[in-house]
Amino acid sequence: VSYFPYKNNKMFVEDIAISDIAQQVQTPFYCYSSTAIETSFQDYQLAFSNQDALVCYAVKANSNQAVLATLAKLGSGADVVSMGEIRRAITAGIPANKIVYSGVAKTQEEISYALTLGIFQFNVESEPELELISKVATSLNKTAAIAFRINPNVCAQTHEKISTGKAENKFGVPISKARLAYKQAASLPGIKVQGVDVHIGSQLTNLAPFKEAYQHIAELVVDLRADGHDISVIDVGGGLGITYLDEVIPSKQTYADLVHAQLGHLNCKIIIEPGRSLVGNAGILVSSVVFVKNGEERQFLMLDAGMNDLVRPSMYDAYHEIIAVNKSNDTLKTYDVVGPVCETGDTFAKARQVHESEAGDLIAILSSGAYGAVMSSGYNTRMLAPEVMVKGNEFAIVRKRPSYEEIIKQDITPNWL
Ligand code: LLP
4 VSYFPYKNNK MFVEDIAISD IAQQVQTPFY CYSSTAIETS FQDYQLAFSN
54 QDALVCYAVK ANSNQAVLAT LAKLGSGADV VSMGEIRRAI TAGIPANKIV
104 YSGVAKTQEE ISYALTLGIF QFNVESEPEL ELISKVATSL NKTAAIAFRI
154 NPNVCAQTHE KISTGKAENK FGVPISKARL AYKQAASLPG IKVQGVDVHI
204 GSQLTNLAPF KEAYQHIAEL VVDLRADGHD ISVIDVGGGL GITYLDEVIP
254 SKQTYADLVH AQLGHLNCKI IIEPGRSLVG NAGILVSSVV FVKNGEERQF
304 LMLDAGMNDL VRPSMYDAYH EIIAVNKSND TLKTYDVVGP VCETGDTFAK
354 ARQVHESEAG DLIAILSSGA YGAVMSSGYN TRMLAPEVMV KGNEFAIVRK
404 RPSYEEIIKQ DITPNWL
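Start counting at 1 in the sequence shown, then tack on 3, and there's your number in the UniProt record's numbering.
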């Protein structure tokens with residue numbers, strides 16, 4: 004992860020020492036490398052440069068305005084799943100005609116807002132959703148360009164909580180019912196059938212499931228065209244994984260070549276919706292050791308960051324590298340790395356080798372740029388960790404830490420008290 008290099012045993016983000024940022028921001032905080040995000044995006048663009056492709060960044064992975072604006076500037080579109088994400092994308096400068104809207108339970112209000120803006124495509128996940136979109140579009144005198152999200156019933160070979168393309172999952176229209184669904188769509192007012200969409204899961208480390216899914220999609224597109232539908236867009240979803248520990252991830256070029264090999268002959272515009280692979284390894288969570296506690300059986304490194312800041316280890320047993328920001332010694336020790344929250348699940352790692360640390364030392368939890376800050380909560384009335392973005396030798400606080408007053412005054416005591 005070369006955007007976080009060590010220089011003289013001190014960890015940097017691009018050209019700034021993390022300890023310098025920590026002095027001004029106080030831990031815990033998220034820290035992103037702008038250049039890492041840009042490079043990753045440009046890798047996608049380069050990989051797909053011989054295809055008519057649009058990268059629609061999956062906003063859910065990290066929806067900070069600074070991240071979105073960085074990508075907007077490079078020409079990114081957005082894959083959004085809520086009114087809030089649409090608003091964030093637009094505010095950051097992503098044009099509506101580059102927005103695709105996914106999600107299994109879009110409400111009337113959300114659909115109406117997206118129609119008014121004129122987004123590129125609704126990725127429709129069910130027949131009732133289709134009917135609602137038709138109704139809303141007709142009442143607004145608009146036409147909704149749609150693709151059905153097809154559930155191809157393939158196994159993504161990833162964690163079950165982030166696997167979405169099996170028949171038992173709640174996502175999409177089963178491929179067996181697809182032709183019927185398109186027939187219905189073509190008959191409804193306010194609907195323009197435009198494409199086909201598939202997303203089988205996240206953190207895929209192997210291309211085989213993509214290949215299988217895209218083969219099904221290619222066959223479906225042929226069938227749909229034979230049925231008389233004008234299919235000009237294929238949204239191939241997101242899901243390319245990142246290296247957290249030692250996962251070997253196919254390159255973006257290899258992935259793009261696979262897309263081309265499976266779908267190129269159909270001459271469709273290709274949408275890709277990467278999230279994690281754009282921002283995951285561009286961010287870290289910086290924390291401080293509060294105490295080193297000698298338990299009866301284990302040594303605990305107790306951090307000032309907790310599961311409320313980064314829930315992935317608790318929620319998915321996810322592995323994140325945990326390393327000392329300043330290596331003041333060469334001694335590695337085995338610790339359970341835990342947070343301050345009153346739950347046993349508030350554990351970042353068990354029996355992990357980390358440089359011998361003491362209270363006050365800075366610790367970095369790596370690969371936290373995706374599904375980190377966006378999944379954080381205020382549990383235990385802990386403040387959402389601020390976010391910092393670095394570019395070269397500059398840094399900016401891109402979300403500040405709230406004050407306790409701000410947090411408490413969100414509650415309203417009813418007047419009978
Ligand atoms: N498109 C759709 C329709 C999605 O549902 C997702 C992710 C993406 C694109 C982006 O997938 P990516 O390129 O990031 O793999 N919170 C979990 C991950 C949940 C992913 C949900 N959908 C985690 O922390 O691992």
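Note that beta-carbon positions come from the ideal geometry of N, C-alpha and C, so glycine has one too.
Would residue i and residue j be called neighbours here (beta carbons separated by less than 8 Å)?
{"i": "Glu276", "j": "Gly241", "result": "yes"}
{"i": "Ile136", "j": "Gln197", "result": "no"}
{"i": "His358", "j": "Leu387", "result": "no"}
{"i": "Gly204", "j": "Ser254", "result": "no"}
{"i": "Gly375", "j": "Leu313", "result": "yes"}
{"i": "Tyr247", "j": "Ser370", "result": "yes"}
{"i": "Gln256", "j": "Ala50", "result": "yes"}
{"i": "Val201", "j": "Ile220", "result": "yes"}
{"i": "Asn67", "j": "Ala373", "result": "no"}
{"i": "Gly309", "j": "Val344", "result": "yes"}
{"i": "Ile178", "j": "Pro212", "result": "no"}
{"i": "Ile400", "j": "Ala367", "result": "no"}
{"i": "Phe151", "j": "Val84", "result": "no"}
{"i": "Leu288", "j": "Pro8", "result": "no"}
{"i": "Gln111", "j": "Val139", "result": "yes"}
{"i": "Phe303", "j": "Asp339", "result": "yes"}
{"i": "Arg315", "j": "Thr337", "result": "no"}
{"i": "Leu269", "j": "Val239", "result": "no"}
{"i": "Asn12", "j": "Asn209", "result": "no"}
{"i": "Tyr35", "j": "Met392", "result": "yes"}
{"i": "residue 2", "j": "Thr73", "result": "Missing from the structure shown is residue 2; the chain here goes from 4 to 420 and no further."}
Answer with buried or exposed for residue i, where buried requires no fewer than 16 other C-beta atoms within 10 angstroms of its C-beta.
{"i": "Glu390", "result": "buried"}
{"i": "Phe294", "result": "exposed"}
{"i": "Glu113", "result": "buried"}
{"i": "Ile411", "result": "exposed"}
{"i": "Gly381", "result": "exposed"}
{"i": "Lys63", "result": "buried"}
{"i": "Arg90", "result": "exposed"}
{"i": "Glu408", "result": "exposed"}
{"i": "Glu132", "result": "buried"}
{"i": "Pro192", "result": "exposed"}
{"i": "Val251", "result": "exposed"}
{"i": "Gln27", "result": "exposed"}
{"i": "Glu88", "result": "buried"}
{"i": "Thr119", "result": "exposed"}
{"i": "Ser379", "result": "buried"}
{"i": "Lys10", "result": "exposed"}
{"i": "Gln413", "result": "exposed"}
{"i": "Ile415", "result": "exposed"}
{"i": "Gly342", "result": "buried"}
{"i": "Arg228", "result": "exposed"}
So if DSSP puts residue i in a beta bridge, which residue, or which two residues, is it bridged to?
{"i": "Pro253", "result": "According to DSSP, Pro253 bridges with nothing at all."}
{"i": "Leu365", "result": "Ser291"}
{"i": "Met14", "result": "Tyr9"}
{"i": "Glu390", "result": "Tyr33, Arg402"}
{"i": "residue 424", "result": "Because the chain in this structure spans residues 4 to 420, residue 424 falls outside the shown range and cannot be described."}
{"i": "Ile326", "result": "Ala367"}
{"i": "Gln302", "result": "Asn297"}
{"i": "Val176", "result": "Ile153"}
{"i": "Lys145", "result": "None; Lys145 has no bridge partner."}
{"i": "Ala81", "result": "Tyr60, Ile102"}
{"i": "Ala20", "result": "Phe15"}
{"i": "Gly204", "result": "Ser166"}
Could you please give the first and the last residue of the uninterrupted beta strand (DSSP E) stretch that includes residue i?
{"i": "Arg355", "result": "350-358"}
{"i": "Phe398", "result": "397-402"}
{"i": "Tyr104", "result": "102-104"}
{"i": "Tyr338", "result": "335-341"}
{"i": "Val107", "result": "Counting along the chain, Val107 falls outside any beta strand (DSSP E), and DSSP gives it neither H nor E."}
{"i": "Gln197", "result": "194-200"}
{"i": "Val236", "result": "236-238"}
{"i": "Ile274", "result": "272-275"}
Please list the terminal residues of the continuous alpha helix (DSSP H) segment that includes residue i.
{"i": "Val225", "result": "211-229"}
{"i": "Met86", "result": "86-94"}
{"i": "Val58", "result": "Element bounds for Val58: not the alpha helix (DSSP H) but the beta strand (DSSP E), 56-61."}
{"i": "Lys164", "result": "Neither: Lys164 is in no alpha helix (DSSP H) and is coded neither H nor E."}
{"i": "Ala72", "result": "68-76"}
{"i": "Ala181", "result": "181-190"}
{"i": "Val282", "result": "279-282"}
{"i": "Tyr382", "result": "It is not in any alpha helix (DSSP H) - Tyr382 carries neither H nor E in the DSSP assignment."}
Would you say residue i touches ligand 3, meaning its beta carbon is less than 7 Å from a heavy atom?
{"i": "Tyr374", "result": "Judged by which ligands are present, ligand 3 is missing from the structure shown, whose ligands are ligand 1."}
query: On the three-pair Cβ rule with 8 Å, is the segment 160-173 touching the segment 110-126?
result: no
message: Any contact between the segment 65-79 and the segment 102-117? By contact I mean 3 or more CB pairs, one from each, below 8 Å.
response: no
message: Using a Cβ distance threshold of 8 Å, determine whether the segment 268-275 contacts the segment 40-58, with at least three qualifying pairs required.
response: yes
- prompt: Taking three-plus beta-carbon pairs below 8 Å as touching, is the segment 259-271 in contact with the segment 282-291?
  reply: no
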